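Mapped onto my numbering, the consecutive letters of the sequence shown carry residue numbers 345 to 654.
Heads up, the beta-carbon is just placed ideally off N, CA and C, and yes, glycines get one too.
Predicted, not measured: the structure shown is a model, and the values here were computed from it.
Take a look at the structure below.
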Amino acid sequence: MKYRKLGKTDLKVSVVGVGTWQFGGEWGMDFTQPEVDAILDRSQELGINLIDTAECYGDHLSEAFIGDYISRRKREDWVIATKFGHKFHQNFTRDQVWSTEDVLQQLDASLKALRTDYIDLYQFHSGTDEVFDNDELWTALDKQKQAGKIRHLGISIGSNDNLHQTESATRVGASAIQVVYNRLDRTPENRVFPSCVQQELGVLARVPLASGYLSGKYKPGATFSTNDVRNNHDAAATLTKLEEVQRIQELEVPQGMDMAQWALAWCLKHPAVTCVIPGCKSPEQVEGNAAAAQYAPETHPQAWNEEQQG
Ligand SMILES: NC(=O)c1ccc[n+]([C@@H]2O[C@H](COP(=O)([O-])OP(=O)(O)OC[C@H]3O[C@@H](n4cnc5c(N)ncnc54)[C@H](OP(=O)(O)O)[C@@H]3O)[C@@H](O)[C@H]2O)c1
């Protein structure tokens with residue numbers, strides 16, 4: 345594994361993390377605790393230390409699986425990133441809950457589910473600019489930082505060209521941006537990444553496999569079960585993506601190389617990107633994804649250097 349420093353924070357994160365939307369049950373399968381344990385144990389064996397979850401991957405369900413696991417392991421071995429702003433309902437729906445009071449309640453619910461007394465990275469979960477521009481909320485979150493419940497704040501931007509929220513990061517006390525970035529969608533390179541570099545923010549590249557399409561295993565015309573979020577994707581857009589994936593597979597992926605690994609390594613080359621957080625459904629996927637770290641450049645502006653960190 346390779347590690348990078350998350351922006352200006354003191355967090356040492358593995359370049360490949362584990363995304364855990366899947367544990368909430370919206371990706372074609374319901375998870376059991378032993379299945380989650382196996383994924384996280386394999387992650388740790390391979391040097392992965394970063395978990396990304398959220399309040400609405402199930403109703404704090406993904407967090408609860410992680411919390412159960414962590415309660416039987418060492419909390420300090422992990423960097424846990426979670427989010428606020430939604431209330432999960434069945435059938436792929438969520439309520440928006442952004443009042444300061446609601447967010448503070450969500451924070452306590454996340455701490456309880458995660459069975460921890462602190463969150464390493466607490467992220468604004470893809471809300472509108474209107475709910476983002478609420479100084480009272482950011483002041484209240486800053487107080488939670490001072491109280492030790494939150495180590496660092498982050499912003500998971502919804503549109504991956506949201507310059508308003510990205511440019512406001514330092515002002516609101518956030519240290520990291522989470523953004524959709526993958527070989528099919530390079531939008532952040534234009535405006536978001538330059539702002540992240542300028543502010544020295546950490547960057548978590550989410551959906552790095554384009555929802556699994558960049559693994560190369562799905563061919564144009566692929567369909568998904570009704571309990572898989574990809575069944576809700578626009579069919580024409582998915583077809584276009586899968587055709588593009590085929591073209592990339594032929595023209596860009598070296599012969600014999602696993603395409604998912606290639607796609608993750610592709611993200612990790614960008615100097616603004618700290619880490620990728622592919623969603624994982626099995627220990628085998630964790631193994632494939634962790635192996636992408638070997639292709640990450642040795643020299644990178646955020647490369648973790650033990651000597652410099654003292
Ligand atoms: N607004 C937000 O803040 C937001 C939104 C979306 C995601 N996220 C975070 O970002 C994470 C990653 O995004 P994502 O999960 O939506 O998409 P993704 O990482 O691009 O794709 C994940 C899917 O790819 C497949 N996969 C994973 N590893 C593989 C491998 N080695 N080989 C082949 N297939 C593999 C799995 O599905 P199959 O095996 O079924 O194909 C998996 O569910 C999420 O889990 C979540 O933590 C945050």
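Please tell me whether Thr531 and Asn504 are closer than 8 Å, where the distance is taken between their beta carbons. A contact, by the Cβ cut-off of 8 Å.
Does the count of Cβ pairs from the region 575 to 585 and the region 510 to 520 closer than 8 Å reach three? no
Trp365 versus Gly402, Thr460, Asn393, Leu355, residue with shortest Cα-Cα distance: Gly402
Glu370 burial status per 10 Å Cβ neighbour count (16 or more: buried): buried
Return the first residue and the last residue of the alpha helix (DSSP H) that Val359 is part of. No alpha helix (DSSP H) contains Val359, which DSSP labels as neither H nor E.
On the DSSP letters alone, give me the boundaries of the alpha helix (DSSP H) that Arg386 sits inside. From DSSP, the alpha helix (DSSP H) with Arg386 extends over 377 to 389.
Same chain only: Cβ atoms within 7 Å of Tyr413, ignoring 5 sequence neighbours per side: Closer than 7 Å at Cβ, skipping near neighbours: Val380, Asp381, Leu384.
If you run the structure through DSSP and keep just helix, strand and coil, what is Ile621? Residue state, collapsed to three classes: coil.
Quick one: which unbroken beta strand (DSSP E) runs of 3-plus residues sit fully inside the region 402 to 460? Chain order, please. Here the runs fully enclosed are 423 to 428, 430 to 433, 437 to 440.
Reference Leu497, options Tyr347, Leu355, Glu651, His644, closest by Cα: Closest in alpha carbon position to Leu497, among Tyr347, Leu355, Glu651, His644, is Leu355.
Check whether the region 644 to 651 and the region 550 to 570 touch, using three or more Cβ-Cβ pairs below 8 Å as the test. no
Could you tell me the boundaries of the beta strand (DSSP E) in which Ile521 lies? 518 to 524
Assuming His430 and His404 make a contact with CB atoms under 8 Å, what is their CB distance in whole Å? Actually they do not touch by this definition, with Cβ atoms about 11 Å apart.
Neighbourhood of Val547 by C-beta distance below 6 Å, restricted to the same chain and skipping five residues each side: Ile521, Cys540, Ala616, Val617, Thr618
Between which two residues does the beta strand (DSSP E) holding Leu497 run? It spans 494 to 500 - the beta strand (DSSP E) in which Leu497 sits, taken as one unbroken run.
If you measure between the beta carbons of Thr444 and Ala484, is that distance less than 8 Å? Thr444 is a Cβ neighbour of Ala484, given a cutoff of 8 Å.
Please confirm whether any heavy atom of ligand 1 lies closer than 7 Å to the CB of Lys585. no
Which of the three DSSP states, helix, strand or coil, is assigned to His469? strand
Using the three-state DSSP reduction, which class does Gly632 fall into: helix, strand or coil? It is helical.
Host beta strand (DSSP E) of Leu548 (start-end): 546 to 550
Nearer than 7 Å: is that true of the beta carbon of Cys624 relative to any heavy atom of ligand 1? Look at Cys624: its beta carbon is less than 7 Å from one of the heavy atoms in ligand 1.
Would the region 554 to 562 and the region 571 to 583 be scored as touching if the rule is three or more Cβ pairs under 8 Å? yes
Buried or exposed for Arg527, please, with buried defined as at least 16 other CB atoms from any protein chain shown within 10 angstroms of its CB. Under the 10 Å beta carbon count, Arg527 is surrounded by 16 or more other beta carbons and is classified as buried.
Output the boundary residues of the alpha helix (DSSP H) element that contains Asp479. Start and end: 479 to 490.
From the DSSP secondary-structure annotation, give me the bridge partner or partners of Ile463. Ile463 pairs with Ile494.
Any heavy atom of ligand 2 closer than 7 Å to the beta-carbon of Leu394? By its list of ligands, the structure shown excludes ligand 2, since it contains just ligand 1.
Under the three-state DSSP convention, the category Ala566 falls into: coil
Proximity below 8 Å, CB of Phe537 to CB of Gln509: no
Using the C-alpha atoms, what's the distance from Gln488 back to Asn576? 37 Å
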